[in-house]
Amino acid sequence: MANSAAITGVCGYVPPYILNNDELANMVATSDEWIQSRTGIQERRILKGKGLGTSDMAVEAVKGLLSKRELLPQDIDLLICATVTPDMQFPATANIICHKLGIQNTPSFDVSAACSGFLYALNTANAFIRSGIYQKIIVVGADTMSTIIDYEDRATCVLFGDGAGAILLEGKEEGIGIIDCILKSDGSGAQYLHQKAGGSLKPASQATVLAKEHYVFQDGRSVYRFAVQNMAAIVLEIMEKNQLTSEDVDWLVPHQANKRIIDATGKRAGISPDKVMLNIHKYGNTTAATIPLCLWEWESKLQKGNNLILTAFGGGFTWGAIYLKWAY
Ligand code: ACO
């Protein structure tokens with residue numbers, strides 16, 4: 006049995022097409038000034054091309070990860086994909102990713118926890134490593150939010166983008182890797198953030214499509230209130246539980262939904278802005294991909310033993326925090 010589970014590699018992928026605020030301002034009644042001041046977003050990436058879905062972005066991220074770590078498809082024991090925009094309702098996008106990469110006869114499944122999906126999937130992988138069931142696990146967070154966004158709704162279309170990020174999790178000596186994890190959920194939050202139709206409760210029909218019920222519905226103001234409160238509270242909770250002062254934290258890795266939520270979380274935790282990973286201006290909210298995309302972009306700055314706190318809040322509601330010591 007492994008004493009600890011640690012991230013030993015990371016890779017990301019964002020599609021090449023850039024949708025900037027000015028282009029959005031030609032589509033809906035908004036402005037670059039409004040979007041930047043309310044959200045911190047300047048541009049986002051959009052997956053374009055016939056026949057492409059979430060698995061295709063995930064494949065690029067996982068392919069990069071395998072190549073970086075000089076691993077073969079048969080070296081992987083389990084692949085978990087966090088997504089709310091699967092290629093299809095079933096089979097799991099994780100199954101499709103494995104097939105496209107030649108990862109054969111390997112267990113794989115999806116985790117659905119919206120913006121907290123990557124944290125939920127990472128902690129699931131953590132349990133599998135620590136129990137000794139699997140040795141090498143890939144966790145990929147990938148979302149093609151552009152496929153469930155109404156580009157006539159200015160309240161949501163400015164927020165989201167597409168992308169994928171993947172990490173490798175392996176056993177390590179005690180004291181390095183994932184130290185602690187707190188995950189929470191509250192299904193009463195579903196009323197504020199959901200997709201009205203397309204599930205068993207209200208199957209897709211001509212009427213639901215005409216009513217645009219297959220798109221993201223969000224009561225932004227309520228979600229904002231819950232997000233600010235709970236993301237800060239869970240970061241403080243995990244710091245307190247592990248006797249960490251704000252000086253002990255080398256990096257805060259927050260889900261990128263809104264720069265104002267991130268700033269408020271960092272401020273309440275007493276973590277200075279230069280220690281907070283922030284790339285929302287380039288990618289917007291890529292849901293399950295935001296945290297691994299941050300790790301990918303900051304990888305060269307991270308040092309072995311650095312204290313990282315990963316945190317997210319999103320649909321469900323789901324939220325959480327993971328405290329880990331960087332392993333390389
Ligand atoms: N451009 C211009 N005006 C706009 C836009 C826009 N793109 N969008 C909304 N407005 C208008 C509204 O219509 C409203 O006008 P009104 O006062 O005349 O009615 C006004 O701006 C204020 O609207 P609010 O919704 O109160 O704006 P707010 O300052 O709250 O910002 C935002 C909206 C950015 C969506 C914010 O509420 C937010 O970030 N919410 C949280 C998002 C989040 O964290 N989601 C969770 C993750 S997503 C997931 O899990 C899948």
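Quick note: the sequence shown, position 277, residue 282 per the working numbering, numbers continuous.
Note that beta-carbon positions come from the ideal geometry of N, C-alpha and C, so glycine has one too.
Computed from a predicted model, the values in this text were never measured in an experiment.
Proximal residues to residue i (C-beta, below 6 Å), its chain only, five neighbours per side dropped
i	result
Tyr328	Ile184, Asp185, Ile243, Asn247 and Ile314
Ile101	Ser60 and Asp92
Glu175	Thr13 and Lys141
Pro78	Leu106, Gly107 and Ile108
Beta-carbon proximity list for residue i, same chain, < 7 Å, skipping 5 on both sides
i	result
Gly14	Leu70, Lys73, Arg74, Ile172 and Leu173
Met32	Tyr156
Phe114	Ile85, Ala97 and Ala99
Ala332	Ala11, Ile12, Thr13, Lys177, Ile181, Gly182 and Lys309
Ser251	Ala274, Gly275 and Ile276
Gly289	Ile46, Arg49, Leu164, Phe165 and Gly166
Tyr139	Asp82, Leu83 and Phe133
Glu179	Asn8 and Ser9
Thr291	Asp148, Met150, Gly166, Asp167, Gly168 and Leu298
Val221	Ile153, Ile154, Thr161 and Gln200
Asn284	Gln261, Leu298, Cys299 and Glu302
Cys103	Leu84, Thr111 and Ser113
Tyr22	Arg50, Ile51 and Lys53
Trp324	Ser121, Lys189, Asn235, Met236, Ile239, Ala317 and Phe318
Supposed contact pair residue j and residue i - C-beta distance, whole angstroms, cut 8 Å
i	j	result
Pro297	Gly146	5 Å
Ile108	Leu84	6 Å
Met282	Trp301	Contact doesn't hold; Cβ gap of about 10 Å is too wide.
Ala130	Val144	5 Å
Phe322	Ser190	7 Å
Gly320	Ala66	Contact doesn't hold; Cβ gap of about 22 Å is too wide.
Phe318	Ser121	7 Å
Ala202	Glu218	4 Å
Ile187	Ala293	No, Ile187 and Ala293 are not in contact; Cβ-Cβ is about 18 Å, not under 8 Å.
Burial state of residue i, where buried means 16 or more other Cβ atoms lie within 10 Å
i	result
Gly17	buried
Gly236	Per the sequence shown, residue 236 should be read as Met rather than Gly. Met236 is buried by the Cβ-count criterion.
Lys177	buried
Met62	buried
Gly91	It is Pro, not Gly, that sits at residue 91 in the sequence shown. Counting Cβ neighbours within 10 Å, Pro91 comes out buried, since at least 16 surround it.
Arg230	exposed
Pro20	buried
Lys280	buried
Ala216	exposed
Gly271	buried
Phe123	buried
Leu52	buried
Ala87	buried
Ser305	exposed
Asn263	buried
Leu249	buried
Val2	Nothing in the structure corresponds to residue 2, since the chain is present only between 6 and 333.
Asn312	buried
Asn110	exposed
Asn25	exposed
Could you check whether the region 26 to 45 touches the region 196 to 206, counting it as contact only if at least three pairs of C-beta atoms, one from each stretch, sit closer than 8 Å? no
Okay, do the region 203 to 211 and the region 34 to 53 touch, 3+ Cβ pairs below 8 Å being the bar? no
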